[in-house]
Ligand SMILES: Nc1ncnc2c1ncn2[C@@H]1O[C@H](COP(=O)(O)OP(=O)(O)OP(=O)(O)O)[C@@H](O)[C@H]1O
Ligand SMILES: [Mg+2]
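Chains as they are written, first to last, in the numbering used here: chain B, 1 to 281; chain Z, 1001 to 1235.
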């Protein structure tokens, strides 16, 4: 087993894939806490469907590097969703459901009608659940991924204090002169970035798992914002690395293997949380 | 010009008026108490002053070069989500954010200020505790410490002593009064504690659907509504 792994690690593309996977897992976990606490997780879900629709459009237009199209479309939708979800709760929810289901349906329709590929179902499946192997990433993909990850990390560090304030108590932030709208916007755009990034690794249907599981797990055990974020980043990276190694060795689909590891990790953290509570009593 | 001028102000939700025809000014250095029965629109007024909601009609003017990021605020209720992971220190520090500008990190002066406000509120030993696991009174003190961090010119407090024990209540009034007298911070406070109001405040605004009284505390005691309110409470 170990021999086989070391064997694989000789190939640069395996190393690249691991690097990309770990970066993506790291970035998507950063905003997870904010997303969960601000009840934005549904926006993440809606956006991932939009991203799927955008991929379909890209493949119809035969754009070779679809990130260039998917990224702006997803960002625009993130901004729109944030606006609607603010005005009235119920209407906002409906708007998100409409957008996400609509994008999913139309995306599939487009791919079916216009695709010249012989394996439409396979294409759709890999967009939804992630490529069966991220080993097929070309070097441009890798560089785009590294660039976007660095961008997400820098934005997160620069706006960390503001993100905390806006997440904890938006009214107080607004009342004392912090422009929460701008920071909500920054959060939304960063979510869009993360989703586009993570499409490659786990596919659009499984992105939410990558965002939400690390945050929820860390929140079971840790009590301060900073420690929860650090823990969820480590959690996410560990699960992603483990999932990828298993998938390389066993030939299982990357995305679902990583999600399986996340679920396993969540259960472990949940038990730790429970036993801590039990001890405290 | 006055620090805050409200004229012909009508407040409410979704077009339904809660309080109407409010007309008052707050000058720099004032200690204004807003009194009135439950549901008379006091918190609504404070939220409107803070720009958290729009008035139905009328105007609120900031003067004396007062900016929003020089105001500290203690909400009556802070709905914090049940699972929110945040330490006391993180929350108090977030009060300093409005003096950060574009600086992405807290300066050591800001950290000192947070430390000092925690000390004032007697929660230094709770600094690394989890906010959601504190008692109601302890949580109130954390939010007060946060409000102190945000305050540079004006402090708005919505029932600051609700839930505090008698000892801390007395300290709290002393603290607010010293901020007002020694540091020149303008205070606007909502309270039901009439004896402390009369003792500390310089001005009183009495609302009950409309404005029943606005003026100095001495005048209030002489007025009909003031005598009634005061008598009604102390009996
Ligand atoms: N979000 C809201 N939407 C609609 N109506 C509201 C809302 N908040 C308060 N109200 C109504 O506005 C009126 C005034 O409420 P407000 O909270 O300003 O009272 P208050 O003077 O602060 O009372 P208390 O002394 O109990 O704090 C109440 O009748 C209340 O029902
Ligand atoms: Mg109130």
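The beta carbon of each residue, even a glycine, is placed where N, CA and C say it ideally should be.
Note on residue 1038 of chain Z: under 16 other CB atoms within 10 angstroms of its CB, so exposed under the neighbour-count rule. Contact between residue 1149 of chain Z and residue 1117 of chain Z is confirmed by a C-beta separation of about 5 angstroms, below the 8 angstroms threshold. Each residue's CA atom was taken as its position, placing residue 71 of chain B and residue 192 of chain B some 7 angstroms apart.
Screening all residues for a C-beta within a distance smaller than 5 angstroms of any heavy atom in ligand 1 leaves Z:1013, Z:1018, Z:1038, Z:1039, Z:1040, Z:1041, Z:1042, Z:1043, Z:1044, in chain order. Taking 9 angstroms as the threshold, the shortest C-beta distance from residue 1080 of chain Z to chain B falls below it.
Distance from the CA of residue 177 of chain B to the CA of residue 1069 of chain Z, rounded to the nearest whole angstrom, comes to 4 angstroms. Excluding residues up to 5 positions away in sequence, nothing lies with its Cβ nearer than 7 angstroms to the Cβ of residue 181 of chain B in the same chain. Residue 1203 of chain Z: not part of any alpha helix (DSSP H); member of the beta strand (DSSP E) spanning 1203-1208, first to last residue.
Going by C-alpha positions, residue 1014 of chain Z is about 25 angstroms away from residue 184 of chain B.
Residues of chain B with a Cβ closer than 7 angstroms to the Cβ of residue 1075 of chain Z are, in chain order, 171, 172. Collapsing the DSSP output to three states places residue 1158 of chain Z in a strand. In this structure, the beta-carbon distance from residue 36 of chain B to residue 188 of chain B does not fall below 9 angstroms.
The beta-carbon of residue 275 of chain B is placed no less than 9 angstroms from the nearest beta-carbon of chain Z. Legend: CB atoms of the segment 149-165 of chain B lying less than 8 angstroms from CB atoms of chain Z belong to residues 157, 158, 159, 160, 161, 162, 164, 165. At a cut-off of 8 angstroms, the beta-carbon of residue 1140 of chain Z does not count as near ligand 2: no heavy atom of the ligand is closer than that. The segment 237-255 of chain B and the segment 1084-1104 of chain Z do not touch, with fewer than 3 CB-CB distances between them shorter than 8 angstroms. Residue 23 of chain B and residue 204 of chain B do not touch by the CB rule: their CB atoms are close to 18 angstroms apart, not below 8 angstroms. Here DSSP, grouped into helix, strand and coil, assigns residue 1123 of chain Z to coil.
Ranked by Cα distance from residue 1170 of chain Z, the options Z:1121, Z:1146, Z:1153 are led by Z:1121.
Not a single CB atom of chain Z sits nearer than 9 angstroms to the CB of residue 103 of chain B. The alpha-carbon of residue 1225 of chain Z is positioned some 7 angstroms away from that of residue 1213 of chain Z. Taking CB atoms only, residue 219 of chain B has a neighbour in chain Z less than 9 angstroms away. Going by DSSP, residue 1008 of chain Z is part of the beta strand (DSSP E) stretching over 1004-1013. Interface annotation, residue 257 of chain B: not in contact with chain Z, CB-CB separation never under 9 angstroms. Chain-order list of chain Z residues neighbouring residue 37 of chain B: 1081, 1084, by C-beta distance under 7 angstroms.
No heavy atom of ligand 2 is found nearer than 8 angstroms to the CB of residue 1193 of chain Z. Cβ proximity to chain Z below 7 angstroms picks out 178 from the segment 178-196 of chain B. Within the same chain, Cβ atoms closer than 6 angstroms to the Cβ of residue 49 of chain B are found at 100, 103, 104, the five residues on either side in sequence being excluded.
Within the segment 1102-1113 of chain Z, 1104, 1105, 1106 place their CB atoms closer than 8 angstroms to a CB of chain B, listed in sequence order. Within the model, the alpha-carbon separation for residue 56 of chain B versus residue 207 of chain B is close to 17 angstroms.
Counted as a single uninterrupted DSSP element, the stretch harbouring residue 1086 of chain Z is not any beta strand (DSSP E), since DSSP gives it neither H nor E. Contacts with chain B at 9 angstroms (Cβ-Cβ) do not include residue 1176 of chain Z. A Cβ-Cβ distance of about 6 angstroms is found for the pair residue 1143 of chain Z and residue 1074 of chain Z, placing them in contact under the 8 angstroms criterion. Between residue 176 of chain B and chain Z, the shortest Cβ-Cβ separation is below 9 angstroms. At a cut-off of 9 angstroms between beta carbons, residue 266 of chain B makes no contact with chain Z.
In this structure, ligand 2 has a non-hydrogen atom nearer than 8 angstroms to the beta-carbon of residue 1158 of chain Z.
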